[in-house]
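If you read the sequence shown in our numbering, its first letter stands for residue 309, the second for the next number, and so on. Virtual Cβ for every residue (Gly too), placed ideally from N, Cα, C. Just so it is clear, the structure is predicted and the values come from calculations on it, not from any experiment. Input: a single structure, listed below in structure tokens.
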Amino acid sequence: MVDLVSVIYEYNKRERERHKREEGVFWVTDLVRCPLKRVYETLYPELSLRDVFNPRLVVGTLIHRGVEGLVKE
Numbered sequence: 309m310v311d312l313v314s315v316i317y318e319y320n321k322r323e324r325e326r327h328k329r330e331e332g333v334f335w336v337t338d339l340v341r342c343p344l345k346r347v348y349e350t351l352y353p354e355l356s357l358r359d360v361f362n363p364r365l366v367v368g369t370l371i372h373r374g375v376e377g378l379v380k381e
């Protein structure tokens, strides 16, 4: 049986490694949330690790991947 939590964790971990923050580059999410959050995530990268199991982000990821799959068909 597949451990869904492990699959989601590994996927989010790979995505996080692919999309590292770069100096001078702002993400869309940076524009719609508290500006200090970006500053603190830059100073303390471990803060962003909590997002790996954020239910809203997990659901968003699953929906995004599902829509991508439908579009590819």
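- With a cutoff of 8 Å on beta-carbon distance, Y348 and L357 are scored as not near each other.
- Rounded to whole angstroms, Y317 and T337 show a C-alpha spacing of 21 Å.
- For L357, there is no enclosing alpha helix (DSSP H), since its DSSP letter is neither H nor E.
- For V310, no alpha helix (DSSP H) segment is defined, and its DSSP state is neither H nor E.
- According to the DSSP assignment, Y352 belongs to no alpha helix (DSSP H), since it is labelled neither H nor E.
- With a contact defined as Cβ atoms closer than 8 Å, R324 and T350 miss out at about 14 Å.
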